[in-house]
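See structure below.
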Amino acid sequence: MTIESSGWSDDSTGSRLVDAGANEDDNTVEGALRPKSLDTFIGQQRVKDQLGLVLQAASARGRSADHVLLAGPPGLGKTTLSMIIAAELGMPLRVTSGPALQHAGDLAAVLSSLVPGEVLFLDEIHRMSRAAEEMLYLAMEDFRVDIIVGKGPGATAIPLELPPFTLVGATTRAGLLPGPLRDRFGFTAQMDFYDVDDIGAIVRRSAALLEVEISADAAGEIARRSRGTPRVANRLLRRVRDFAQVKGNGRIDMTMAQAALTLYEVDEIGLDRLDRAVLESLLTRFGGGPVGLSTLAVSVGEESETVETVCEPFLVRRGFLARTPRGRVATALAWSHLGMAVPIGAMGQLPMDLDLLDDVKSEQNAEGRT
Ligand SMILES: Nc1ncnc2c1ncn2[C@@H]1O[C@H](COP(=O)(O)OP(=O)(O)OP(=O)(O)O)[C@@H](O)[C@H]1O
Ligand SMILES: [Mg+2]
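According to the working numbering, the sequence shown holds residues 47 to 416 in order.
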């Protein structure tokens, strides 16, 4: 069991235990934990119902399904759902990603080699190049691409018919997608953070697949600290399993789960050491703010970008911190979570403040930066 000196890293890749993004360790084990059908996919009931209908209707018509856009924060199951879509349609799945399609030719090569009905998964679709994007418009709508041959005035466009296919796009930043691209999807699944019960069910399912015994209350405890994110839940489960193997008999009960998560410094609601360091500094050194991002970051010895992209989204979502035009401000909730007396006039005490917080939060959601 190693804990990096930086404190919040859980392995040699330097990523944090509660980071929703995937690290190498996750990539190797996630495959085994992915549900393979809509029925075994836990939570996201609305998305499941809607998607189920789209897929059933397509199968009944015997045609390829409408293009599907999966939008939502990292680690909520977009890649998993794309695999399920292909499996439910009984079609092969081709996987590519926005950054891999820097030239229109890259996309043309992929599209022209699809078999009829194939599902094309385009991850991080918001990072595709402009040229590829324009080619994709035509492909999605008319199942056709124009291959440009030659240069300058002599250049000609040779139309190339494509087999019908289903595009499944995934993005963590739906707000960055150009309107015309968004409009070409027949169905957009907006994925949201899971509630604790659903995450608890995911933890129990993953434990069964990993062949570890876990009590119901321990699964609930891990779920509460998982930030509503299946990837984080699976990662915490693996660390708790390690702990239970080394310190106990391998069985995870409430005491084991709590002791392990205390050791890894993930608190009761999923804040880790860096999150708490940021809050603590904001409260004790800057009296709760407002303070500029870079000053706050320096005070905890971190890069501004790390604090902004790694800590703040969750702190804002949980209502601990607000980003205001004058700087970062702690809310009453932050003071009480860290066990300090809430000063008079702290943000979040007046209904007016809560409205402001909502605004900030919905802005974040719209940007997909949760
Ligand atoms: N509904 C679910 N039920 C069970 N496990 C899930 C569910 N959703 C996600 N998972 C698990 O969480 C992990 C991460 O899911 P996935 O890779 O699909 O996320 P993602 O949305 O594609 O993330 P990213 O944006 O980083 O690509 C996987 O191991 C998967 O097994
Ligand atoms: Mg993914």
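Glycine included, C-beta positions come from ideal geometry on N, C-alpha and C.
- Within the model, the alpha-carbon separation for SER252 versus GLY136 is close to 25 Å.
- Here the distance from the Cβ of LYS94 to the nearest heavy atom of ligand 2 is not below 7 Å.
- Closer than 7 Å to some heavy atom of ligand 1: that describes the Cβ of PHE87.
- Fully contained in the stretch 308-341 are the following alpha helix (DSSP H) runs of length 4 or more, in chain order: 319-330.
- ILE390 is classed as exposed because its beta carbon has fewer than 16 other beta carbons within 10 Å across all chains shown.
- Buried is the label assigned to ARG287, since at least 16 other Cβ atoms lie within 10 Å of its Cβ.
- In this structure, the beta-carbon distance from GLU354 to LEU339 falls below 8 Å.
- In the structure shown, the three-state DSSP call for GLU170 is coil.
- Minimum Cα-Cα distance from ARG364 among the listed residues ALA387, ASP243, ALA323 and ILE315 corresponds to ILE315.
- The beta carbon of LEU115 lies closer than 6 Å to those of GLY215, PHE231 and THR234 in the same chain, with the five residues before and after it left out.
- Setting aside the 5 residues that flank it on each side, ALA178 is surrounded in the same chain by LEU147, ALA150 and LEU153, each with a C-beta closer than 6 Å to its C-beta; the list follows chain order.
- C-alpha of ASN73 to C-alpha of MET129: approximately 15 Å in a straight line.
- Per the Cβ contact rule, the stretch 259-268 is not in contact with the stretch 82-92 (fewer than 3 Cβ pairs under 8 Å).
- DSSP places GLU207 within a strand segment (E or B) once states are collapsed to three.
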